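Asks: Line by line, the protein sequences give chains B and W. If you're matching positions, the first sequence starts at 1015 in my numbering and goes up one per residue. If you're matching positions, the second sequence starts at 3 in my numbering and goes up one per residue. Glycine included, C-beta positions come from ideal geometry on N, C-alpha and C. All values derive from a computational prediction rather than experimental measurement.
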Amino acid sequence: MAVVAAPAGRLSIEDRAALGPPRVVADILLVARRNLLKVRRSPGLIVFSTIQPLMQLVLFVFVFGAIAHVGPGISYKDFVVPAVLVQALAFSAMGSGVGIAYDLQSGMIDRFRSLPIARSAFLVGRTLSDSVRLGIQSLLLVAAALLIGFRFHNGLPSAVGMVVVIVMFGMSLTAFSAWVGLAVKDPETVQPAVFIPVLPLVFTSSAFAPVSRLPGWMQPIAKVNPVTFAIDTARGFALGDETLYRVSHVHLSTALTQFLVSWVLIVGIFTALAVHRYRVG
Amino acid sequence: MKRFGGFEALHGIDFVVPEGRLVGLLGPNGAGKTTTIRILSTLLAPDGGRARVAGYDVVTHPQHVRAAIGLTGQFAAVDEDLTGRENLILIGRLGRLRRSVAEDRGAELLELFELTDAADRVVRGYSGGMRRRLDLGLSLIAAPDVLFLDEPTTGLDPRSRLRLWEVITGLRDGGKTIVLTTQYMEEADQLAELISVIDAGRIIAEGTADQLKTKVGGDMLDLQVLDRALVPAAAAALARAFGVAPGEIITDAELGTVLVPVDAGAAALVDAVRALDAAEVEAADLGLRRPSLDDVFLTLTGHHAEEPRPDAPEPKLRRGRRRD
C-alpha cells in the first residue's frame, strides 16, 4: 500500500498547519467551487427558485398592477419590480442555511473542522458561492422583468447599481441564514425558521406600497426596516432619485446610507454569530 | 475529562498510542469512545485533562493536530453531490496537497478501495459499504500521521465489514498509527494490536488481546443445554462441581448457554460431564475455550460490551438520517 505512505516532498506538520493569506484564499475558493458544483449538479434548485419569483412578477405586475396606483408619472410595474427582485433574492438567500444544515447532517462540517484549513474558509466560501448563485439569479430575473415591460429609467450604471444592491442584500441575509442553519441543524426545520422572521419584514416594508400609504401602526416599523432601506435604494437606482422621492419621500443618498449601515450591521452580527456556532460545533 | 450538562462523560481516559501501532478503544455505546475521538481530533474542547496528538496539544495547538490527523467518524462524511474522485481531490487539496498530487493519490485510493468503476459517479448512488470506503479514503488522502477510526464498521453488512477489515489490516501492517473505536469484541480482537477497554467514561483495562484474556484466567467451559429450562439447574450443578461462586457463572436462559470459568484444563470436561449427569441435565454441546474479549468485558464490568451503560443519557441524535 504505497499510497499509505506520505507523498514525496510533503510539507511538515508546521507548514501544513500554517495559514498564510494565499492559503486562506485558496481554501475559500476550494469551498466555494465545491458549493457551486453542488448547485450545478441540482440545476432544478436554481430553476425553481427563479420560477417562483417569476410568478410573483406576473402577479404583482399584471394583477395588482391593474388596480394599484402609486403616483403620477410612475407605473405600479416599475414601482414593484425592484421590490419583487429584492424579495426573491432574500428568499433565495435562505437556501444557504438549508445547505449548511445538510452539511452538518452529512458530517461534512465535522470533516472540514478536522482539516487544517482556516476556520473562516467554510463560511466565507459559502458566502462567495451564494453570491455567485444570487448574481446569476438576479440577472435571470432582470431579463424576465425587462421582457414583461419593466424599464430602467436611470441609465446603465444605475441599472448595474440596482443589481449590486439586491445581490448585496441577499448576501447579508445568507449570513443570517447560515447562523440559523448552524443553530437549528435540521434542514427541514431551517426553512420555516428563516422564513418566519423574514416574511413579515418584507410585508412591513416599502415593498408593495409606499410607506405613507401603509396603515398608521405599520409605518414606524417600515421606516426602520432594513428591507425598506434595500428596496428604496434599489428603486432609487432603477427609477432615479426624483421618482424615488416622489413616491417614497426619501432621497437615494439617504436610502443608500441607511442600506449600507444596516448591511454592515446585519453582516457583522450574523457572521459573528455563525462563526461562533461553527467553532463550537 | 468531558462533561455534558451534569453528566461526566469522560473521567480517567489515559492511554498512549505507540507510533505505528493500532490501538483499539473497546467499549459499549455511551462509554465515551466517540467523545474521546472528538476531543483528540479537535472537534470538541475537553473540560479538563491533557491530550497530545503527534506531539501537539489538542487545546493549545489544534491547527497542528488537524494537520497531522485523518478522521473517519461513525457516519460516512462524504459529499453526496460530488463524485468519489471529486470528494478525494477536494479533501486532498484542503489537506495541503498540490492539485496533481491530490489527483494521483485520489486515483490510487480509488483503486485500493475498489471504487475505480464508481469514481466518476455521484456519491448519492453509492452503497453503504462504498461510502465507508470512500470516507476512509478521504481520511487517508493527505497521508495523515495519525488516523482516527470511530466505529468504522458500525451498520455495515458482514461482507462490507470484512472488506473494510482487510483494508484496515493493510493500513496497520503498513505501519500507520491508528486509533480505532469499536463495540465489537471480534473487531478489536481481529484488528487491534493493543486494546484499551473503556466503560462509563474510564479505561478499565489495557493490553494485548491475549493479555486481557489471561486476566480472566484459565479457560471457559462453554455449555449448551438441550432443554433451556434446565439452565439454572446446570449452572447450580457446575458451580458446586468447580467450587465457583454462582455470580461468576454467566448464563443465558434464552440461548440455553452456561459459561463457567475453570482452570482444571481438560480434566474439567470430565468433571463437567459427571456433574451434569448427576443433575440429569443433557448437554447439546460442551467445550473448553480460551475466554473471548466478551468474557473479559463481562468479567471486568459485569455487563456485555454491546449493552449500553444504564445511567448514560440518551445520546443526542446528531443526524436526522442515517444513510448506511
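(1) Answer yes or no: do residue 1074(B) and residue 1098(B) have a C-beta to C-beta separation smaller than 9 angstroms?
(2) To the nearest angstrom, how far is the alpha carbon of residue 92(W) from that of residue 1048(B)?
(3) Between the region 71-85 of chain W and chain B, which residues of the former have a C-beta closer than 9 angstroms to a C-beta of the latter?
(4) Report the neighbours of residue 1041(B) on chain W: residues whose CB is nearer than 7 angstroms to its CB, in chain order.
(5) Determine the DSSP secondary structure at residue 247(W), reduced to helix, strand or coil.
(6) Is residue 65(W) helix, strand or coil when you go by DSSP?
(7) With distance defined between alpha-carbon atoms, name the residue in 1101(B), 1128(B), 1165(B), 1189(B) nearest to residue 1294(B).
(8) On the three-state DSSP scale, how would you describe residue 54(W)?
(9) With a Cβ-Cβ cutoff of 9 angstroms, do residue 199(W) and residue 303(W) count as a contact?
(10) Going by DSSP, which residues form a beta bridge with residue 285(W)?
(11) Three or more beta-carbon pairs under 8 angstroms between the region 1264-1281 of chain B and the region 1204-1213 of chain B, yes or no?
(12) Run down chain B in chain order and give the residues with a C-beta less than 9 angstroms from the C-beta of residue 66(W).
(13) How is residue 204(W) classed by DSSP in three states: helix, strand or coil?
(14) Can you tell me whether residue 312(W) is helix, strand or coil according to DSSP?
(15) Note down, in chain order, each residue of its chain lying with its Cβ closer than 8 angstroms to the Cβ of residue 1031(B), except the 5 sequence neighbours on either side.
(16) Does residue 174(W) come out as helix, strand or coil in the three-state DSSP assignment?
(17) List the residues of chain W that residue 1223(B) touches, going by C-beta distances under 7 angstroms, in chain order.
(18) Report yes or no: do three or more beta-carbon pairs, one from the region 155-168 of chain W and one from the region 78-89 of chain W, lie closer than 8 angstroms?
(19) Could you tell me the distance, in whole angstroms, from the CA atom of residue 1(W) to the CA atom of residue 185(W)?
(20) Check the C-beta distance from residue 1163(B) over to residue 79(W) and give it rounded, since I have them as a contact under 8 angstroms.
(21) Please classify residue 20(W) as buried or exposed, where buried requires at least 16 other C-beta atoms within 10 Å of its C-beta.
(22) At what residues does the beta strand (DSSP E) containing residue 1144(B) begin and finish?
(23) Between which two residues does the beta strand (DSSP E) containing residue 263(W) stretch?
(24) State the DSSP-derived secondary structure class of residue 59(W), mapped to helix, strand or coil.
(25) Helix, strand or coil, according to DSSP, for residue 291(W) in the structure here?
(26) Straight-line CA distance for residue 1264(B) to residue 45(W)?
(27) Could you tell me which whole alpha helix (DSSP H) segments of length 4 or greater appear in the region 1021-1073 of chain B?
(28) For residue 199(W), return the contacting residues in chain B, with the cut-off set at a CB-CB distance below 8 angstroms.
(29) In this structure, how does DSSP classify residue 219(W) when only helix, strand and coil are distinguished?
(30) Between residue 194(W) and residue 39(W), what straight-line distance do the alpha-carbon atoms span, to the nearest angstrom?
(31) DSSP three-state call for residue 43(W): helix, strand or coil?
(32) With a CB to CB cut of under 8 angstroms and the five nearest residues on each side skipped, what residues in its chain are close to residue 1172(B)?
(33) What residues in its chain sit with their C-beta under 7 angstroms from that of residue 1020(B), if we drop five residues either side in the sequence?
(34) Would you kindly report the start and end of the unbroken beta strand (DSSP E) that includes residue 26(W)?
(35) Taking 9 angstroms as the CB-CB limit, is residue 44(W) close to chain B?
(36) Taking the alpha carbon of residue 97(W) as the point to measure from, which residue in 69(W), 89(W), 263(W), 235(W) has its own alpha carbon closest?
Replies: This is what the structure gives:
(1) Working through the first sequence from its first residue, we reach residue 1074(B) at position 60. Working through the first sequence from its first residue, we reach residue 1098(B) at position 84. By the CB criterion at 9 angstroms, residue 1074(B) and residue 1098(B) fall inside the cutoff.
(2) Indexing the second sequence from 1 puts residue 92(W) at position 90. Indexing the first sequence from 1 puts residue 1048(B) at position 34. Answer to the nearest angstrom: the Cα atoms are 8 angstroms apart.
(3) 71, 72, 73, 75, 76, 77, 78, 79, 80, 81, 82, 83, 84
(4) Numbered from 1 along the first sequence, position 27 holds the residue referred to as residue 1041(B). Simply 96.
(5) Counting from one through the second sequence, the residue named residue 247(W) turns up at place 245. Collapsing the DSSP output to three states places residue 247(W) in coil.
(6) Numbered from its first residue, the second sequence carries residue 65(W) at position 63. The answer is helix: DSSP assigns residue 65(W) an H, G or I state.
(7) Walking along the first sequence from the start, residue 1294(B) turns up at place 280. Closest option to residue 1294(B), Cα to Cα, is 1128(B).
(8) Counted from its first residue, the second sequence places residue 54(W) at position 52. Residue state, collapsed to three classes: strand.
(9) What you label residue 199(W) is simply residue 197 of the second sequence in a count that begins at 1. What you label residue 303(W) is simply residue 301 of the second sequence in a count that begins at 1. For residue 199(W) and residue 303(W), yes; Cβs fall inside 9 angstroms.
(10) Taking the second sequence and counting its residues from 1, the one referred to as residue 285(W) is at position 283. The partner list for residue 285(W) (beta bridge, DSSP) reads 227(W).
(11) no
(12) For the purposes of this step, residue 66(W) is taken as residue 64 along the second sequence, with counting starting at 1. The contacting residues are 1027, 1028, 1030, 1031, 1130.
(13) Here residue 204(W) corresponds to residue number 202 of the second sequence, with the count starting at 1. Residue state, collapsed to three classes: strand.
(14) Numbered from 1 along the second sequence, position 310 holds the residue referred to as residue 312(W). With a pLDDT of only 49 at residue 312(W), under 50, the local geometry of the prediction cannot be trusted, and the value read off the model is given with reservation. If DSSP states are grouped into helix, strand and coil, residue 312(W) belongs with coil.
(15) Numbered from 1 along the first sequence, position 17 holds the residue referred to as residue 1031(B). 1130.
(16) Working through the second sequence from its first residue, we reach residue 174(W) at position 172. Residue 174(W) carries a helical assignment under DSSP once its states are collapsed to helix, strand and coil.
(17) Here residue 1223(B) refers to the residue found at position 209 when the first sequence is read from its first residue. Going along chain W, no residue has its Cβ under 7 angstroms from residue 1223(B), so there is no contact; the nearest lies around 41 angstroms.
(18) No, because fewer than three Cβ pairs between the region 155-168 of chain W and the region 78-89 of chain W fall closer than 8 angstroms, the two stretches do not touch.
(19) In the structure displayed, chain W extends from 3 to 326; residue 1(W) sits before or after that span and is not available.
(20) For the purposes of this step, residue 1163(B) is identified with residue 149 of the first sequence, where counting begins at 1. For the purposes of this step, residue 79(W) is identified with residue 77 of the second sequence, where counting begins at 1. By a beta-carbon distance limit of 8 angstroms, residue 1163(B) does not contact residue 79(W). Their separation comes to about 49 angstroms.
(21) In the second sequence, counting from the first residue as 1, residue 20(W) sits at position 18. So residue 20(W) ends up on the exposed side.
(22) Stepping through the first sequence from its first residue, residue 1144(B) is reached at position 130. No beta strand (DSSP E) contains residue 1144(B), which is instead part of the alpha helix (DSSP H) from 1135-1161.
(23) What you label residue 263(W) is simply residue 261 of the second sequence in a count that begins at 1. Note, residue 263(W): beta strand (DSSP E), 259-264.
(24) Sequence index remark: in the second sequence, residue 59(W) carries index 57 (1-based). Strand at residue 59(W).
(25) Locating residue 291(W) in the second sequence gives position 289, counting from the first residue. In the structure shown, residue 291(W) falls within a strand segment according to DSSP collapsed to helix, strand and coil.
(26) Here residue 1264(B) refers to the residue found at position 250 when the first sequence is read from its first residue. Here residue 45(W) refers to the residue found at position 43 when the second sequence is read from its first residue. Between residue 1264(B) and residue 45(W), the C-alpha separation is close to 50 angstroms.
(27) 1027-1031, 1035-1055, 1057-1072
(28) Walking along the second sequence from the start, residue 199(W) turns up at place 197. The premise fails here: residue 199(W) is roughly 26 angstroms from chain B at the closest Cβ pair, so nothing lies under 8 angstroms.
(29) Locating residue 219(W) in the second sequence gives position 217, counting from the first residue. If DSSP states are grouped into helix, strand and coil, residue 219(W) belongs with coil.
(30) As a working note, residue 194(W) is residue 192 in the second sequence. As a working note, residue 39(W) is residue 37 in the second sequence. Those two C-alpha atoms are separated by around 16 angstroms.
(31) On the second sequence, residue 43(W) is found 41 positions in, with the first residue counted as 1. If DSSP states are grouped into helix, strand and coil, residue 43(W) belongs with coil.
(32) The count along the first sequence starts at 1 and reaches residue 1172(B) at position 158. Closer than 8 angstroms at the Cβ level, and outside the excluded window around residue 1172(B), lie 1166, 1251, 1252, 1254.
(33) In the first sequence, residue 1020(B) corresponds to position 6, counting from 1. Here the set comprises nothing.
(34) In the second sequence, residue 26(W) corresponds to position 24, counting from 1. Start and end: 24-28.
(35) Within the second sequence, residue 44(W) is the residue found at index 42, counting from 1. True, the Cβ-Cβ gap to chain B drops below 9 angstroms.
(36) The residue you call residue 97(W) lines up with position 95 of the second sequence. Comparing alpha-carbon positions, the option among 69(W), 89(W), 263(W), 235(W) lying closest to residue 97(W) turns out to be 69(W).
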